[in-house]
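In our numbering, the protein residues as written are 5 to 274.
As structure tokens, this is what we get:
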């Protein structure tokens, strides 16, 4: 988001609820200084940082009373984030949508690897869209989960209806991780991806890839519904998603399933 757009969205959230909410700020994007000043000025309580060095902004945010959570894709970066003073980490496997790690570790490989090696809460992300996967992540050592793709399809999501329907129609293998030379991103295989594939076949340079990517591709694809030239970011779990639902229904469905599983597990243990 541009700084003014982020400000407007934060103000809308504050009008809608008196509960704390998180703001996600990928550190690789421009306008970071202005974004950080905005979250402090508007009294945001939680900031999730990603795609960059957590040392850069963690102290500043915490000095201003903000809880900081950093997204990582490996044990090495989880330990570095903890050393930087973050309050929790999100361990995101490569099945997740959007910007991703280069290691290609899956979520259910990553969580048990990190579990027990950190002194801060561990949140699992990537491939989680149901009460079952939520419960499985906690069994493997996660303290909680982060859900992206399923909420991208919520009725309240600002994603375009064309994008949402495309995700609903996706089948297994419909997404791919690419652009590792820049910042790895998982996207739907569309015409834009085919153009990238052609560039790779021509041994394109990093500069060529950057030039072709340009700016605002994800906005064009996800928010504006350009299914041809847009960057359509979504996770592998999209093959499991079959409907556009209200956010309330998504939460109820996941919580009900999770509670049933945990209750049955508790009873079977005793």
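Virtual Cβ for every residue (Gly too), placed ideally from N, Cα, C.
**OP:** Confirm, please, whether the CB-CB distance from residue 138 to residue 33 is below 8 Å.
**Re:** Locating residue 33 in the chain shown gives position 29, counting from the first residue. Locating residue 138 in the chain shown gives position 134, counting from the first residue. Contact: no.
**OP:** State yes or no: is the C-beta of residue 239 within less than 8 Å of the C-beta of residue 152?
**Re:** As a working mapping, residue 239 is identified with position 235 in the chain shown. As a working mapping, residue 152 is identified with position 148 in the chain shown. Against a cut-off of 8 Å, the Cβ pair of residue 152 and residue 239 comes out as a contact.
Original post:
Should the region 121-136 be called in touch with the region 218-228, which here means at least 3 C-beta pairs below 8 Å?
Top reply: no
Original post:
Just the Cα atoms here: how many angstroms apart are residue 69 and residue 39?
Top reply: Reading the chain shown from its first residue, position 65 is the one you call residue 69. Reading the chain shown from its first residue, position 35 is the one you call residue 39. Going from the Cα of residue 69 to the Cα of residue 39 covers about 16 Å.
Subject >> Segments assigned beta strand (DSSP E), at least 3 residues, entirely inside the region 72-121 >> reply: Whole beta strand (DSSP E) segments, 3+ residues: 92-96.
Original post:
Taking the C-alpha atoms as reference points, what is the distance between residue 47 and residue 54?
Top reply: Mapped onto the chain shown, residue 47 falls at position 43. Mapped onto the chain shown, residue 54 falls at position 50. Distance between the alpha carbons of residue 47 and residue 54 is about 20 Å.
Original post:
Do you know how far the Cα of residue 76 is from the Cα of residue 113?
Top reply: Translated into positions along the chain shown, residue 113 becomes position 109. Translated into positions along the chain shown, residue 76 becomes position 72. Taking the straight line from one Cα to the other gives about 13 Å.
Original post:
Exposed or buried, which one is residue 157 when buried takes at least 16 other CB atoms within 10 Å?
Top reply: Position 153 of the chain shown, counted from the first residue, corresponds to residue 157. Answer is buried; the Cβ neighbour count reaches 16.
Original post:
For the candidate residues 148, 174, 136 and 123, whose alpha-carbon lies nearest to that of residue 96?
Top reply: Here residue 96 refers to the residue found at position 92 of the chain shown. When only C-alpha atoms are compared, the closest one is 148.
Original post:
DSSP three-state call for residue 68: helix, strand or coil?
Top reply: Here residue 68 refers to the residue found at position 64 when the chain shown is read from its first residue. In this structure, residue 68 counts as coil in the three-state DSSP scheme.
Original post:
What are the start and end residues of the alpha helix (DSSP H) that includes residue 155?
Top reply: The residue you call residue 155 lines up with position 151 of the chain shown. Where residue 155 is concerned, the enclosing alpha helix (DSSP H) stretches over 153-156.
Original post:
Between 23, 31, 35 and 268, which lies nearest to residue 49 when the distance is taken from Cα to Cα?
Top reply: Position 45 of the chain shown holds residue 49. Comparing Cα positions, the closest option is 23.
Subject >> 6 Å CB neighbourhood of residue 273 in its chain, flanking five on each side removed >> reply: As a working mapping, residue 273 is identified with position 269 in the chain shown. With a pLDDT of 49 at residue 273, under the threshold of 50, the predicted position of this residue should be treated as unreliable, though the coordinate-derived value follows. Within the same chain, residue 273 has no close Cβ partners at all.
Original post:
Can the beta-carbon of residue 174 be found less than 8 Å from the beta-carbon of residue 242?
Top reply: Here residue 174 refers to the residue found at position 170 when the chain shown is read from its first residue. Here residue 242 refers to the residue found at position 238 when the chain shown is read from its first residue. In contact: residue 174 and residue 242 (Cβ atoms closer than 8 Å).
Original post:
Apart from the five residues on each side of it in sequence, which residues of its chain come closer than 8 Å, Cβ to Cβ, to residue 109?
Top reply: The count along the chain shown starts at 1 and reaches residue 109 at position 105. Once the five neighbours on either side are set aside, the close Cβ partners of residue 109 are 77, 78, 97, 98 and 117.
Original post:
What residue range is occupied by the uninterrupted alpha helix (DSSP H) comprising residue 202?
Top reply: Here residue 202 refers to the residue found at position 198 of the chain shown. Residue 202 -> alpha helix (DSSP H) spans 195-205.
**OP:** Check the DSSP bridge columns for residue 148 and list the partner residues they point to.
**Re:** Locating residue 148 in the chain shown gives position 144, where the first residue counts as 1. Paired residues: 127.
Original post:
Buried or exposed: residue 258, going by 16 or more other Cβ atoms within 10 Å of its Cβ?
Top reply: Residue 258 sits at position 254 when you count from the first residue of the chain shown. Buried is the call here.
Original post:
Among the residues of its own chain, which have a CB less than 8 Å from the CB of residue 106, if the five just before and after it don't count?
Top reply: Position 102 of the chain shown, counting from 1, holds the residue named residue 106. Hits under 8 Å: 77, 184 and 188.
Original post:
Is any beta-carbon of chain C found at less than 8 Å from that of residue 225?
Top reply: Given the protein chain composition of this structure (a single chain), no chain C is represented.
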